[in-house]
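Visitor: One structure coming up, written as structure tokens, with questions to follow.
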Amino acid sequence: MNIIKRTTLLLIVGLSLPALADSKEKKEELTPYPLTVCIVSDETLGEMGKPQHLQYDGQIYSFCCKPCTKEFKENPKKFAKKLAKEIAKQNKETKKS
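Residue numbers for the sequence shown, in mature numbering (1 follows the signal peptide of the UniProt record, and there is no 0): -21 to -1, 1 to 76.
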């Protein structure tokens, strides 16, 4: 009976390891914040102290202050769209150069 319990336990642990590895990979897939300004206030990052950071939908967002992080949390989709527009704008400007 002990052999069955040990085998079952090893099987469970063995099957769990790939799931843990997947979660680590997902953490590494975060996209860095590409702007030098706060997505909420358009203030330059670092002017109001140490920038604040949040993760949303695989993207890291940076903010100039805690009140901006709070505003972001109230409507993250709004600011995700704003970031997408800013990235598209940067890409367009890069292609022109």
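We treat Cβ as the ideally placed atom computed from N, Cα and C, and that holds for glycine. If you're wondering where the values come from, they're calculated on a predicted model, not measured in any experiment.
So the alpha helix (DSSP H) Leu62 belongs to, where does it begin and stop?
Guide: Leu62 -> alpha helix (DSSP H) spans 55 to 75.
Visitor: Among the residues of its own chain, which have a CB less than 8 angstroms from the CB of Thr15, if the five just before and after it don't count?
Guide: Thr23, Leu24
Visitor: Is the beta carbon of Gln34 closer than 7 angstroms to that of Thr10?
Guide: no
Visitor: I'd like the list of long-range same chain contacts for Asp21, defined as Cβ closer than 6 angstroms, with 5 residues on each side in sequence excluded.
Guide: none
Visitor: Name the DSSP bridge partner or partners of Ser41?
Guide: His32
Visitor: Pick from Asp36, Pro13, Gly28: whose alpha carbon is nearest that of Lys64?
Guide: Pro13
Visitor: Is it buried or exposed, Pro46, if we count other Cβ atoms within 10 angstroms and call 16 or more buried?
Guide: A residue is called buried when at least 16 other Cβ atoms come within 10 angstroms of its Cβ; Pro46 does not meet this threshold and is exposed.
Visitor: Within 10 angstroms of its Cβ, does Gln69 collect 16 or more other Cβ (buried), or is it exposed?
Guide: exposed
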